[in-house]
Amino acid sequence: MTASRVISPREPAGTVHPEGIITRYTLNERLNHWFAALTYLYCLITGLAFWSPYMYWLAAIVGGGPTARFWHPWFGLAFTVSVFLMYDMWHRDMRTTEADKQWSKDVEYYIKNEDEKLPPIGRFNHGQKIFFWLMLYGIILLLISGIGLWFVESIPWSLHWLRYLAVTIHVAAALATIGGFIIHVYMGTAMVRGGFTSIIRGEVSTAWAKTHHRLWYEQVTGDTSTKK
Amino acid sequence: MSQATLSIRQISGHAGAAPGENVERDYQVCKLIDTTTCIGCKACEVACLEWNGYTFTDTVFDNSYQTMPETAWNYWNLIKFNEHERADGSITLLMRKDQCMHCADPGCLKACPADGAIVQYTNGIVDFQQQNCIGCGYCVSGCPFDIPKFNPTTKKMFKCTLCVDRVSEGLEPACIKSCPTGCLHFGSKEDMVDLAETRAKQLRENYGIKEAGVYDPAGVGGTGVIYVLHDVNNPEAYGGLPKDPHIPWVVRFWKGPAKWIGNLAMLGGILGVTLHYLRYGPKQVVHDHDLEGEPEQDKNRQDKNNGGRP
Ligand code: HEM
Ligand code: SF4
Ligand code: SF4
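Protein chains in written order, with our numbering: chain W, 10 to 237; chain P, 86 to 395.
#1: Quick one: grab the DSSP three-state call for P:Asn-348.
#2: Whose CA, out of W:Thr-89, W:Trp-80 and W:Thr-233, lies closest to the CA of W:Lys-219?
#3: Going along chain W in order, which residues have a C-beta closer than 9 Å to the C-beta of P:Pro-320?
#4: Using the beta-carbon of each residue, find all residues closer than 6 Å to any heavy atom of ligand 1 and list them in chain order.
#5: At least one CB of chain P closer than 8 Å to the CB of W:Thr-177: is that the case?
#6: If you run the structure through DSSP and keep just helix, strand and coil, what is P:Asp-231?
#7: Less than 7 Å separating the Cβ of P:Lys-274 from some heavy atom of ligand 4?
#8: Which residues in the same chain as P:Val-299 place their Cβ atom closer than 8 Å to its Cβ, once the five residues preceding and following it in sequence are excluded?
#9: Kindly indicate if chain P contains any beta-carbon less than 8 Å away from that of W:Ser-61.
#10: Using the C-alpha atoms, what's the distance from P:Phe-213 back to W:Ala-69?
#11: Quick one: does P:Lys-368 have its CB under 8 Å from some CB of chain W?
#12: For chain P, find out if any of its Cβ atoms is closer than 8 Å to the Cβ of W:Lys-237; answer yes or no.
#13: According to DSSP, P:Gln-205 sits in a beta bridge with which residue or residues?
#14: Say yes only if the C-beta of P:Val-211 is nearer than 7 Å to one or more non-hydrogen atoms of ligand 3, and no if none qualify.
#15: For the pair the segment 49-69 of chain W and the segment 182-196 of chain W, tell me if three or more CB-CB distances fall below 8 Å.
#16: Can you pull the DSSP bridge partners for P:Gln-243?
#17: Enumerate in chain order the residues of its own chain whose CB-to-CB distance from W:Tyr-96 is below 7 Å, with the five nearest sequence positions on each side excluded.
#18: My output table needs one value for W:Ser-167: the three-state DSSP class, helix, strand or coil.
#19: Can you check whether the C-beta of P:Ala-350 is within less than 8 Å of a C-beta belonging to chain W?
#20: For the beta strand (DSSP E) that P:Thr-177 lies in, which residues bound it at each end?
#21: Just the C-alpha distance for W:Lys-114 and W:Ala-108, rounded to the nearest angstrom, thanks.
#22: Please return the same chain residues whose Cβ sits closer than 7 Å to the Cβ of W:Pro-82, not counting the five positions on each side in sequence.
#23: Could you check whether the Cβ of P:Tyr-206 sits closer than 7 Å to any heavy atom belonging to ligand 2?
#24: Are the CB atoms of P:Glu-130 and P:Leu-163 nearer to each other than 8 Å?
#25: Applying the 10 Å Cβ sphere with the 16-neighbour rule, what's the burial state of P:Ala-100?
#26: For the segment 122-142 of chain W, which residues have a beta carbon sitting closer than 9 Å to at least one beta carbon of chain P?
#27: Going by DSSP, what residue range makes up the alpha helix (DSSP H) through P:Ser-263?
#28: Provide the residue(s) that pair with P:Ile-118 in DSSP beta bridges, ordered along the chain.
#29: For P:His-372, return the contacting residues in chain W, with the cut-off set at a CB-CB distance below 7 Å.
#30: Does the beta carbon of W:Gly-104 sit closer than 8 Å to a beta carbon anywhere in chain P?
#31: If I measure Cβ to Cβ from W:Ser-214 and keep anything under 7 Å in the same chain, skipping five residues before and after, which residues do I get?
#32: Can you tell me where the beta strand (DSSP E) holding P:Asn-167 begins and where it ends?
#33: By Cβ distance, which residues of its chain are closer than 6 Å to P:Cys-185, with the 5 residues on each side in sequence left out?
Encoded structure:
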């Protein structure tokens, strides 16, 4: 098997190649995804270190407590930028459709791997869409509360309830994103085979597209022969 | 600041008593501030700076005796001047020495995430260990008296140590030593509460100051710094002394139940996806030839499980 690439970095997502390959993610989409992943992971490791004395050792693997404290907000800002870029790239594909609503009602089949009982869906399924919006709103809350934690001394004593509010929101939003993150990583690596490769190499097979995102497959290939 | 060291019983060839002689250190120490005899001379401020090696910082003039609005990372001890209107309409100046209260139940320590950045000694002194401090500022949210202050250059938190380095050598804190009116006292918690109650009684009975009393707030388990106040029912009049201080309930929740709820939720999530994988396994890519029931062929050079790669 040759290592030569079928897809090219500049072609839009959804480009179909005669080799049975479809471009799922452009180079920019992949770069941004991994930038987001690394910055989020850094925030997660350092944040968990501050969260619990039993996880304080995590700070040691990123250079110690003071270093972790110094960089956590800056990596948080970088992650925010990345999420906003992601919004710019993907928000059109992330709108909830009628098919998504039906898909969510039938999510039980998705969980049980009985995908043939699910309605066909587009480029992203409803779970992915919910994760996208969770991260977007999550990072907005994390940003606002994080700035409060960053400069906590500048919050005057007369408004000291804001200090407590900042910590509450930051923790709640972090936990919500962590929940989504666990499922996201599981789905992308273990459960949906080919998904992990697609966000690295940018390509999927036509069969993969047809199995997991039939509407998207039909839309990009023009092949409606599988319509029920 | 320094950890407690050994105390001395005798010294050879030494004129006079040994410093720290007869001082027991297994009791709670306490500083008593009698606001009724404070004259606002700021000698304690100077002594604090001198002993701890800080220099004067710029003061702010705001048409009062107040030299600066609040304590700073390098200014741990500040007299707060408060104009107060008495019930009969006359004006008085309430003066209060503001510093860390050395709470028995310290909110700063409860909030701090860094191993060893804040310690409470058995004698009750709450002390920041700057070498372990990560500068996160959580202690600022935990303290009900707004005491910890941040040094932006070193990114470390500072506050009054109750002169732990002096006390562990059997000396009294520097501020106590400098007070010209004797309004500051230092000793065991028991003795200081006793002295404070006696003074408050004297004020009530001999001076007609009916509301005089001792400020030793139970909400934080009592404090290692206590006040005699003219009006114990109105500590707020002394500039930022809360009537019923306690560790903010949000901080308690955050450092208590929230930890367990959050940790269980995270573990539950990881456990959940693991069990799901063991029960259901990965999703398979469906190939056309599978559907048509044809024998497997290398039509599209696709791997069943790894459908993305040719
Ligand atoms: C948007 C930008 C962000 C900013 C400005 C920010 C800022 C902060 C600050 C200042 C703290 C206090 C400790 C410290 O100073 O390091 C903190 C704590 C924390 N952050 Fe962030 N953060 C951001 C994003 C995130 C993200 C993306 C996560 C992802 C999980 C996260 C998770 C946490 C956690 C778990 C804590 C510890 C809470 C605790 O101690 O209980 N933060 N953050
Ligand atoms: S700033 Fe330092 S002392 Fe204060 S909570 Fe953070 S680590 Fe602890
Ligand atoms: S007054 Fe504030 S800084 Fe001092 S011991 Fe109490 S909570 Fe800690």
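We put the beta carbon where it would ideally sit given N, CA and C, even for glycine.
Looking at the atomic coordinates:
#1: Taking the second sequence and counting its residues from 1, the one referred to as residue 348 of chain P is at position 263. Three-state DSSP puts P:Asn-348 in a helix.
#2: Translated into the one-based positions of the first sequence, residue 219 of chain W becomes position 210. Out of W:Thr-89, W:Trp-80 and W:Thr-233, W:Thr-233 has the C-alpha closest to the C-alpha of W:Lys-219.
#3: On the second sequence, position 235 is the one that residue 320 of chain P refers to. Those do not exist, as P:Pro-320 stays about 15 Å from chain W at its closest Cβ, beyond 9 Å.
#4: W:Tyr-49, W:Cys-52, W:Leu-53, W:Gly-56, W:Leu-57, W:Phe-59, W:Trp-60, W:Arg-78, W:His-81, W:Pro-82, W:Gly-85, W:Leu-86, W:Phe-88, W:Thr-89, W:Ile-148, W:Leu-151, W:Leu-152, W:Gly-155, W:Ile-156, W:Leu-158, W:Trp-159, W:His-179, W:Val-180, W:Ala-183, W:Thr-186, W:Ile-187, P:Pro-198 and P:Cys-221
#5: For the purposes of this step, residue 177 of chain W is identified with residue 168 of the first sequence, where counting begins at 1. It does: the Cβ of W:Thr-177 has a partner Cβ on chain P nearer than 8 Å.
#6: Translated into positions along the second sequence, residue 231 of chain P becomes position 146. Reduced to three states, the DSSP call for P:Asp-231 is coil.
#7: Looking at this structure, you won't find ligand 4 anywhere; what it does contain is ligand 1, ligand 2 and ligand 3.
#8: One-based indexing of the second sequence puts residue 299 of chain P at position 214. Cβ neighbours of P:Val-299 within its own chain (closer than 8 Å, five residues either side excluded): Val-278, Ala-281, Glu-282, Ala-285, Ile-311, Tyr-312, Val-313, Leu-314 and Val-317.
#9: In the first sequence, the residue the question calls residue 61 of chain W occupies position 52. By this cut-off, W:Ser-61 is an interface position.
#10: For the purposes of this step, residue 69 of chain W is taken as residue 60 along the first sequence, with counting starting at 1. For the purposes of this step, residue 213 of chain P is taken as residue 128 along the second sequence, with counting starting at 1. Spanning the two alpha carbons is a distance of roughly 21 Å.
#11: Looking up residue 368 of chain P in the second sequence gives position 283. Closer than 8 Å to some Cβ of chain W, the Cβ of P:Lys-368 qualifies, so yes.
#12: Residue 237 of chain W sits at position 228 when you count from the first residue of the first sequence. At W:Lys-237 the pLDDT is 46, less than 50, meaning the model places this residue with poor confidence and gives no usable figure here.
#13: Counting from 1 along the second sequence, the entry for residue 205 of chain P is found at position 120. BP columns for P:Gln-205 point to P:Val-211.
#14: The count along the second sequence starts at 1 and reaches residue 211 of chain P at position 126. Yes, ligand 3 has a heavy atom inside 7 Å of this Cβ.
#15: yes
#16: In the second sequence, the residue the question calls residue 243 of chain P occupies position 158. Reading the sequence as shown, one finds Phe at residue 243 of chain P and not Gln. Partner(s): P:Lys-234.
#17: Start at 1 with the first residue of the first sequence, and residue 96 of chain W comes out as number 87. Excluding positions up to five away in sequence, the list reads Leu-145.
#18: As a working note, residue 167 of chain W is residue 158 in the first sequence. In this structure, W:Ser-167 counts as helix in the three-state DSSP scheme.
#19: Locating residue 350 of chain P in the second sequence gives position 265, where the first residue counts as 1. So, interface residue.
#20: Start at 1 with the first residue of the second sequence, and residue 177 of chain P comes out as number 92. From DSSP, the beta strand (DSSP E) with P:Thr-177 extends over 176-183.
#21: Sequence index remark: in the first sequence, residue 114 of chain W carries index 105 (1-based). Sequence index remark: in the first sequence, residue 108 of chain W carries index 99 (1-based). So the alpha carbons of these two residues sit roughly 10 Å apart.
#22: In the first sequence, the residue the question calls residue 82 of chain W occupies position 73. Closer than 7 Å at the Cβ level, and outside the excluded window around W:Pro-82, lie Gly-155 and Trp-159.
#23: Counting from one through the second sequence, the residue named residue 206 of chain P turns up at place 121. No, since every heavy atom of ligand 2 falls outside the 7 Å radius drawn around the Cβ of P:Tyr-206.
#24: On the second sequence, residue 130 of chain P is found 45 positions in, with the first residue counted as 1. On the second sequence, residue 163 of chain P is found 78 positions in, with the first residue counted as 1. Closer than 8 Å, so yes.
#25: Sequence index remark: in the second sequence, residue 100 of chain P carries index 15 (1-based). Classification for P:Ala-100: exposed.
#26: Asn-122, Asp-124 and Glu-125
#27: Walking along the second sequence from the start, residue 263 of chain P turns up at place 178. Following the DSSP letters along the chain, one finds P:Ser-263 inside the alpha helix (DSSP H) bounded by residues 259-263.
#28: The count along the second sequence starts at 1 and reaches residue 118 of chain P at position 33. P:Ile-118 is bridged to P:Leu-269 and P:Tyr-312.
#29: Mapped onto the second sequence, residue 372 of chain P falls at position 287. Per Cβ cutoff of 7 Å: Ala-216.
#30: Along the first sequence, read from residue 1 onward, the residue named residue 104 of chain W stands at position 95. Residue 104 of chain W is actually Arg in this sequence, not Gly. No, because no Cβ of chain P sits closer than 8 Å to the Cβ of W:Arg-104.
#31: For the purposes of this step, residue 214 of chain W is taken as residue 205 along the first sequence, with counting starting at 1. Counting only Cβ-Cβ distances below 7 Å, and skipping sequence neighbours, we find Gly-29 and Ile-30.
#32: Counted from its first residue, the second sequence places residue 167 of chain P at position 82. Run containing P:Asn-167: 163-170, per the beta strand (DSSP E) assignment.
#33: On the second sequence, residue 185 of chain P is found 100 positions in, with the first residue counted as 1. Ile-232, Lys-244 and Cys-245, listed in sequence order.
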